[in-house]
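Those sequence lines, one after another, are chains A and B.
Final position of the first sequence in the working numbering is 284; the numbers increase by one with none missing.
Final position of the second sequence in the working numbering is 1312; the numbers increase by one with none missing.
Even glycine gets a Cβ: it sits at the ideal position worked out from N, Cα and C.
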Amino acid sequence: MSLLSIHDLHVTAEGKHILKGVSLDIQPGEVHAIMGPNGSGKSTLARALSGHPGYAVTSGRVLFNGEDLLDMDPDERARKGVFMAFQYPVEIPGVNNAYFLKAALNAVRKERGLDDLDAIDFMAVVKEKARLLEMDDSMLQRSVNEGFSGGEKKRNEIFHMAVLEPTLGILDETDSGLDIDALRIVSHGVNTLRREDRSFIVVTHYQRLLNYIVPDFVHVLSEGCVVRSGGCELALELEEKGYGWIEAGEARA
Amino acid sequence: MSTSTDVIEQLATTDYKYGFVTDIEQDIAPKGLNEDIVRLISSKKHEPEWLLEWRLRAFRTWLRMEEPAWQNVQYDRVDYQAISYYAAPKEKKKLNSMDEVDPEIRATFDKLGIPLIEQQMLAGVAVDAVFDSVSVATTFRSKLAELGIIFCSFSEAVKDHPELVRQYLGSVVPHTDNFFAALNSAIFSDGSFVFVPKGVTCPMELSTYFRINAKETGQFERTLIICEDGASVSYLEGCTAPKRDENQLHAAVVELVALDRATIKYSTVQNWYPGDKHGVGGIYNFVTKRGHCRGVASKITWTQVETGSAVTWKYPSCILQGDDSVGEFYSVAVTNNRQQADTGTKMIHLGRNTRSTIVSKGISAGQGQNTYRGAVKIGKHATNARNYSQCDSLLIGDRCGAHTFPYLEIKNTSAKVEHEASTSKVGEDQIFYCEQRGISKEDAISMIVSGFCKEVFRELPMEFAVEAQKLLGISLEGSVG
Chain A
32 MSLLSIHDLH VTAEGKHILK GVSLDIQPGE VHAIMGPNGS GKSTLARALS GHPGYAVTSG
92 RVLFNGEDLL DMDPDERARK GVFMAFQYPV EIPGVNNAYF LKAALNAVRK ERGLDDLDAI
152 DFMAVVKEKA RLLEMDDSML QRSVNEGFSG GEKKRNEIFH MAVLEPTLGI LDETDSGLDI
212 DALRIVSHGV NTLRREDRSF IVVTHYQRLL NYIVPDFVHV LSEGCVVRSG GCELALELEE
272 KGYGWIEAGE ARA
Chain B
832 MSTSTDVIEQ LATTDYKYGF VTDIEQDIAP KGLNEDIVRL ISSKKHEPEW LLEWRLRAFR
892 TWLRMEEPAW QNVQYDRVDY QAISYYAAPK EKKKLNSMDE VDPEIRATFD KLGIPLIEQQ
952 MLAGVAVDAV FDSVSVATTF RSKLAELGII FCSFSEAVKD HPELVRQYLG SVVPHTDNFF
1012 AALNSAIFSD GSFVFVPKGV TCPMELSTYF RINAKETGQF ERTLIICEDG ASVSYLEGCT
1072 APKRDENQLH AAVVELVALD RATIKYSTVQ NWYPGDKHGV GGIYNFVTKR GHCRGVASKI
1132 TWTQVETGSA VTWKYPSCIL QGDDSVGEFY SVAVTNNRQQ ADTGTKMIHL GRNTRSTIVS
1192 KGISAGQGQN TYRGAVKIGK HATNARNYSQ CDSLLIGDRC GAHTFPYLEI KNTSAKVEHE
1252 ASTSKVGEDQ IFYCEQRGIS KEDAISMIVS GFCKEVFREL PMEFAVEAQK LLGISLEGSV
1312 G
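Okay, here's the thing in C-alpha cells:
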C-alpha cells in the first residue's frame, strides 16, 4: 500500500486557485523531490498536506496509510506521522525549545500507544538527536526559534523531525537561506533519518540540495500541475536548462 | 477556512467552573448605607470606640466624594443604597478545632479545591479562611505565635492587638485617599492581619482565600501587613466566587508596611466570576493596594495574576520612602469575553537610590479590554532613583483591545527611567506551528500564553505558579476551538 496517495488535488489560498489537479503516489521509504519555478505551487502542496488553515482544499483526495488525511486536523495529522519542516519557522517567545518538544513528543507517543517520557528519558533522546544536527545545549534551552539565525532555525526543524520520528517528512524549501555548512548538516540529518518505512517530500527550488539528499523521484510543478516526473537525472537536466525549458515544453505540447 | 478569530470565538463559551451557591444561614444587614449601618457593623464586631470614630470619619468623607470616572472601563454605576453591607455566618460558639467548622462551609472550600487542613500542613501553608465577612478558621497560628508572628483575621487583631492596628491602620491608604478606599474604611467587614516582628523571617507562605457568597452583599476586606526591621514575609491571596447575575461590588484595601530592611512579597491570584459571555453579572473589583517601604533598604513585591471579575480597577503601588528601598510589580491580567481591566501600578520614589521594576503582561481575548495604567514618580530628593518598566500586550482574536497609559513624573535629574512596551498577537502561524508538531490547538494557546507570562510566573511561589497556569488555561478555554 502507498504511504501517501494524492489524487487530483485542487487547493486555493487567499482566493487564488493554486494547485490544479496534482496526483502523486509515494511508497514507504521513497524520497520525492518537488521542484518548480516560483509560484508553481510547491510550497502550497506542502502546506496543504500538513493542514495549514490558510490553504483550502477544494477538491481531490489524499490517503495517508489508507486513511483520509484531509479529514484530519493538523495536530492529528502530525500525531499520525506527518511532519513538515517549515520554510519560515515561527518564534514562540518564552516557550523553552526542549519543553515544547517534550509536549510534542508525548502527544505523538500517546497516539502511538506509548507512555509519556519523563524528563530524564526525554533528555537522553534529545541529546542524541541534537548531536546529529550539531546543536549545542543552549539551543535546547532557548525559546522556540527566538533569536535563532536562519540556519539555526532550519537545523532546529530537522532536529524536531529527528525527535518526533514521523513516517512522512515534508521539507518545505529547507535549503533556502542556508550556507553550505548548514546545508551539509541539515542534509546529513535527513539522510540519517532515511529508512525503508519513512518517506520524504523535499520541496526545493534548486537542484543543489538534491546533491546531498538524493531523491528517488523528481516531479516538476508548473502553474499548479505536475508537468514532468522522472528520476534524479531530471533535476540535473533542470539545473542545466532552467525552468524555462519545462514551461516552453509545456506550451508546445 | 478556520481563522484564529473563529478559534477564539469558541473559547469564549466555557461556563465559569466555580458557579455554585452555599446554603448557610446568614446574618445580613438591611440594604443601604448610612451612619447607623456603620454603627451596626462596628457594634456587631464589638469594636472599640476609636475604631467606630475612624469609620464614621471615613463615611463622612465618602459622602463628599465623587465616584471616579477617569478609568478606561464602562459599567453600570453601583447603587450604594441597594447593597447590604454586612453578612456573617450566624454567630456560633468559639471553635476549638477545624472539625467544628460548619460542614457546609467546609464543603464549599472542598468544591473549590482549597485544601484547608492536612493538605495545608503538608504544603506548609497556613490559611486564614475568610468566608464572606467573618473568618471561620485559622490554622498554624500557634506555630507562628512562637516566633512572635501574628496572623489572624482583622477583627481578631482589633480585639487582641488594638495598639498595632491603631498605629498602622490607614497609615498607607488614608481614608481620604479615594472614593473606594473611603467606602472601605467606613464599612470594611473583615480581612487579614499580619505582623512579623524584628528580625523574624516567616517560615511559611501565608495564604488567605476569599470567597464572596452572600447574595447582593458587597465584600469589603481590609488587609494590613506589617514587617518590622529585618523581618520578611510572603503572603498569598487567592479567590474564586460563585456565579451571580447581580453585579457584586468588591472594594478591598490592602496596606503593607515595611520597616528597615524588611521584605514583603504579596502575591495574588484573582479569579472572581467574570460575568457570562454577554457581560451579564460578574464582580466589580475596585481595590486599593499600596505598600510603604518606610525603612531603609526595605523591599515590597506585588505579583498578581488577574483572570476574573467583570471589571477590574486596581493599582498595587509602592511608596519608596526609605533610602535604597525597592519596589516591584509583576502582573498578568487576562480579559476574555466582555471583561474589562484597568490595572497597573504606581512607583513613588522619595528616598535616595530607590529602585523599582514594573513588568506588566496584558492578555485580551474575545471582546476583552485590557488597560495598563502606570505612574512612576521621582521626587526631588530621590537622587539616583531607577525605574525599569516593561508593558507587553497580547491579543487573541481581533475584537479585543489593549491600551497602555504610562505616566512619568521626574523631579530629580539623576533619575534613570526606562520604559518598554510591545503589543503582539497570538498568530495563526504560531498556533499552526504547534499543531504541526502534534500539540492540540487548546494546548498550543495555553503554551503560547504561558510563555508570554513567563517573567511574571517566575515571581510566584511554586505551588501558586502551577495554579496560575491552570487558571490561565481555564480563563482562555473556548477562545480555542
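Per DSSP, what are the beta-bridge partners of residue i in this structure?
i                      : result
residue 299 (chain A)  : As shown, chain A starts at 32 and ends at 284. That puts residue 299 (chain A) outside it, with no answer to give.
residue 223 (chain A)  : In DSSP, residue 223 (chain A) forms no bridge with anything.
residue 1143 (chain B) : B:1116 and B:1172
residue 1187 (chain B) : B:1158 and B:1218
residue 57 (chain A)   : A:35
residue 1180 (chain B) : B:1151 and B:1209
residue 86 (chain A)   : A:44
residue 256 (chain A)  : A:253
residue 1250 (chain B) : B:1220
residue 1226 (chain B) : B:1195 and B:1256
residue 231 (chain A)  : A:62 and A:200
Helix, strand or coil: how does DSSP classify residue i here?
i                      : result
residue 1161 (chain B) : strand
residue 182 (chain A)  : helix
residue 1040 (chain B) : Low confidence applies here, because residue 1040 (chain B) scores a pLDDT of 48, under 50, leaving its location unreliable; read the following figure in that light. Correct three-state label for residue 1040 (chain B): strand.
residue 119 (chain A)  : coil
residue 1255 (chain B) : strand
residue 45 (chain A)   : coil
residue 1320 (chain B) : Because residue 1320 (chain B) is not part of the residues shown, which for chain B are 832 to 1312, the question remains open.
residue 1212 (chain B) : coil
residue 148 (chain A)  : coil
residue 176 (chain A)  : coil
residue 1051 (chain B) : coil
residue 1288 (chain B) : helix
residue 967 (chain B)  : For residue 967 (chain B), the pLDDT reaches just 37, beneath the cut-off of 50, and the residue's location in the model is therefore unreliable, although a value from the coordinates is still provided. Reduced to three states, the DSSP call for residue 967 (chain B) is strand.
residue 81 (chain A)   : helix
residue 1300 (chain B) : helix
residue 240 (chain A)  : helix
Hey, residue i and residue j are a contact pair by Cβ (cut 8 Å); roughly how many whole angstroms apart?
i                      : j                      : result
residue 1031 (chain B) : residue 1062 (chain B) : 5 Å
residue 1218 (chain B) : residue 1240 (chain B) : Not confirmed; about 11 Å, so no contact.
residue 81 (chain A)   : residue 105 (chain A)  : 6 Å
residue 260 (chain A)  : residue 243 (chain A)  : That belief does not hold up - the Cβ atoms of residue 260 (chain A) and residue 243 (chain A) are roughly 21 Å apart, past 8 Å.
residue 1086 (chain B) : residue 1004 (chain B) : 5 Å
residue 1191 (chain B) : residue 1151 (chain B) : Actually they are not in contact, since the Cβ atoms of residue 1191 (chain B) and residue 1151 (chain B) sit about 18 Å apart, beyond 8 Å.
residue 202 (chain A)  : residue 116 (chain A)  : 5 Å
residue 1055 (chain B) : residue 1000 (chain B) : 6 Å
residue 988 (chain B)  : residue 980 (chain B)  : Not confirmed; about 12 Å, so no contact.
residue 1115 (chain B) : residue 906 (chain B)  : 6 Å
residue 235 (chain A)  : residue 204 (chain A)  : 6 Å
residue 1112 (chain B) : residue 1089 (chain B) : The pair is not a contact, with the Cβ atoms about 38 Å apart (cut-off 8 Å).
Quick check on residue i: buried or exposed, where buried means 16 or more other Cβ atoms within 10 Å of its Cβ?
i                      : result
residue 250 (chain A)  : buried
residue 1244 (chain B) : exposed
residue 39 (chain A)   : exposed
residue 206 (chain A)  : buried
residue 112 (chain A)  : buried
residue 1098 (chain B) : buried
residue 1170 (chain B) : buried
residue 885 (chain B)  : buried
residue 180 (chain A)  : exposed
residue 1144 (chain B) : buried
residue 1302 (chain B) : buried
residue 246 (chain A)  : buried
residue 1148 (chain B) : buried
residue 47 (chain A)   : exposed
residue 1278 (chain B) : buried
residue 75 (chain A)   : buried
residue 1200 (chain B) : buried
residue 1211 (chain B) : exposed
residue 1178 (chain B) : buried
residue 1247 (chain B) : exposed
residue 212 (chain A)  : exposed
residue 1229 (chain B) : exposed
residue 1038 (chain B) : buried
residue 1016 (chain B) : buried
- alpha helix (DSSP H) runs wholly inside the segment 859-886 of chain B, at least 4 long, in chain order: Runs found: 866-875.
- Any chance you could list the beta strand (DSSP E) runs of at least 3 consecutive residues sitting entirely within the segment 1071-1141 of chain B, in chain order? 1079-1081, 1084-1089, 1094-1102, 1114-1124 and 1130-1137
- Query: Taking the runs of the beta strand (DSSP E) that are 3 residues or longer, which of them lie wholly in the segment 969-1041 of chain B?
  - Reply: Listed in chain order, the complete beta strand (DSSP E) runs (minimum 3 residues) inside the segment 969-1041 of chain B are 981-984 and 1023-1027.
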